[in-house]
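Notes follow the structure.
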Amino acid sequence: MPTALIILAAGQGTRMQSDRPKVLHEVAGAPLITHAMAAGAALAPDHTVIVAGHGADAVREAVHEIDPDVTVVVQQEQLGTAHAVAQARAALDGFTGDAIVLYGDTPFIRPETLAAMAEARARHAVVVLGFEPADPGGYGRLVMAGGALDRIVEFKDATPEEQAIGLCNSGVIAANCALLFQLIDAVGNDNAAGEYYLTDIVGLARARGLSAGVVVCDEAETLGVNSRADLARAEAAFQSRARAEALENGVTLIAPETVFFAHDTVIGRDALIEPNVIFGPGVTVESGAHIRAFSHLEGAHVSRGAVVGPFARLRPGAELSEDVRVGNFVEVKNALVAEGAKINHLSYIGDATVGAEANIGAGTVTCNYDGVFKHHTEIGARAFIGSDTMLVAPVRIGEGAMTASGSVITSNVPDGALALGRARQDNKPGLAAKLLDRLRAEKARRKGN
Ligand code: UD1
Ligand code: CA
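The numbering of the sequence shown is this note's numbering, which starts it at 1480 and goes up by one.
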């Protein structure tokens, strides 16, 4: 069945106390709305329409960065969830498939759950995603009759008997797209909130003799973010799932509760992750790699057999080949490090290529930035960069070449050459003792005064 996603994201999110639209706050390094988009992507939607309102320009910009094909429509006034869905009508004009409504602030709906809803659509004109929360609080209640869904009543409008119902509305609803808009046309706002409730479409469908059904999901999936505390809870929920998944997939985590993953982190089996490691977006760690304690990785690829850290930082574009060593207090950015190369201590390697088996001495810095432009450093295979070498880019160090410790390298070094780029040392015999005598005498003179 061709499917359209409608993602509601117009609400202000007052309780976030933020200048940023709520759906752009991040969980696992990605905006809430991208989690909703990713969940919906499992249905391979033909159209995605995002209903923005507060901060619509920022929302449009952010979602178009992820997927330029989504349509962003603006709900000028937030008159309720049915009114919000109605804003998607023009964008879906002529579309004959199903529509499924998601909330942009609800990041964890599982693809399997949406698939179950799509499947339930074969039996029901309207399918609602329900859940049974530990504390049903103010959620809309699903009123069942004879095993089928009869209507949804908002908590504010519910009788005490209805308020006692434990089965609640998650907000996710699926129906034929044309029918959805027809039913929405009939929704009024004569209720406790004075809003156009999307939930009213269930009763309206039943009144037309159409059937409605419920798919029930776990409460964890429906966790919605309304406050910073909710955001922290969502992050914690994501992390505990990601840790459990990593362990299940054969990754060793010595202290799982201290490792933080991003939404897209990929870690191969038999990788070993020591405590206090943080993965930003875009990281792949291959099988058998070893990430030592207190390392921070983002936009990086770590191949088999590589060892990173402790206290290493891999920034976007760090590409470590097999058996590379990146040690303590080393930062690597936008650099391809070939097989077996070693950067063991206190170095910055940015905008560079490092050849196979090259050895980068402690304190080496690629001076890649002139204040305006970034320049490239090339280090050949098996080159030996002496400790405390400044490589002033653009510069090339040849294969098997060496630089002397403390060198400032400003021009290319041919293959196999030794480059000395430092002042020549000059030893003055006996001068140290003389100098000390003079200084001590001066100290005694000052005390006597
Ligand atoms: C809604 C449901 C309720 C359900 C609950 C689950 C209705 C009438 N009620 O209630 O049954 O239990 O979600 O969390 O649908 N939004 C807009 N434009 C609007 C109004 C809302 O885009 O005019 C968006 C919000 O940004 C939010 C979502 O729709 O992402 C839900 O709106 P919210 O006001 O939070 O609905 P609830 O009152 O919580
Ligand atoms: Ca809500």
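The C-beta atom is built at its ideal place from N, Cα and C for all residues, glycine as well.
Are the beta-carbon atoms belonging to residue i and residue j less than 7 Å from one another?
i: residue 1818; j: residue 1837; result: no
i: residue 1607; j: residue 1620; result: no
i: residue 1825; j: residue 1841; result: yes
i: residue 1657; j: residue 1603; result: no
i: residue 1510; j: residue 1537; result: no
i: residue 1776; j: residue 1762; result: yes
i: residue 1512; j: residue 1583; result: yes
i: residue 1628; j: residue 1694; result: no
i: residue 1740; j: residue 1755; result: no
i: residue 1424; j: residue 1684; result: This structure cannot speak to residue 1424, because the chain is shown only from 1480 to 1928.
i: residue 1507; j: residue 1742; result: yes
i: residue 1701; j: residue 1782; result: no
i: residue 1798; j: residue 1771; result: no
i: residue 1831; j: residue 1868; result: no
i: residue 1802; j: residue 1784; result: yes
i: residue 1610; j: residue 1698; result: yes
Our contact map puts residue i next to residue j with C-beta atoms below 8 Å; I'd like the distance itself, whole angstroms only.
i: residue 1747; j: residue 1765; result: 5 Å
i: residue 1515; j: residue 1585; result: 6 Å
i: residue 1674; j: residue 1532; result: In fact, because the Cβ distance is near 14 Å, the residues do not count as touching under 8 Å.
i: residue 1472; j: residue 1574; result: The shown model of the chain, from 1480 to 1928, leaves out residue 1472, and the question about it has no answer.
i: residue 1529; j: residue 1488; result: 6 Å
i: residue 1652; j: residue 1580; result: 5 Å
i: residue 1561; j: residue 1677; result: 4 Å
i: residue 1901; j: residue 1877; result: About 19 Å; that fails the 8 Å criterion.
i: residue 1804; j: residue 1778; result: Incorrect: roughly 20 Å between the Cβ atoms, too far for contact.
i: residue 1576; j: residue 1525; result: 7 Å
i: residue 1630; j: residue 1682; result: 4 Å
Is residue i near ligand 1, going by C-beta to nearest heavy atom under 6 Å?
i: residue 1557; result: yes
i: residue 1669; result: no
i: residue 1530; result: yes
i: residue 1613; result: no
i: residue 1626; result: no
i: residue 1659; result: no
i: residue 1732; result: no
i: residue 1513; result: no
i: residue 1584; result: yes
i: residue 1563; result: yes
i: residue 1933; result: There is simply no residue 1933 to check, as the chain begins at 1480 and stops at 1928 in what is shown.
i: residue 1560; result: yes
i: residue 1677; result: yes
i: residue 1487; result: yes
i: residue 1645; result: no
i: residue 1703; result: yes
i: residue 1848; result: no
i: residue 1682; result: no
i: residue 1827; result: no
i: residue 1788; result: no
i: residue 1692; result: no
i: residue 1865; result: no
i: residue 1619; result: yes
i: residue 1490; result: yes
Please give the ranges of any beta strand (DSSP E) in the stretch 1508-1554, keeping only runs that are unbroken, at least 3 residues long and fully inside the region.
1526-1531, 1550-1553
Residue ranges of each beta strand (DSSP E) within the stretch 1759-1809, 3 or longer
1779-1781, 1791-1793, 1797-1799, 1804-1807
Alpha helix (DSSP H) runs wholly inside the stretch 1618-1668, at least 4 long, in chain order
1639-1642, 1656-1664
Ignoring anything shorter than 3 residues, give me the beta strand (DSSP E) runs that lie fully in the stretch 1671-1741, in order along the chain.
1691-1696
Entirely within the stretch 1560-1607 and at least 3 residues each: give me those beta strand (DSSP E) ranges in chain order.
1577-1582
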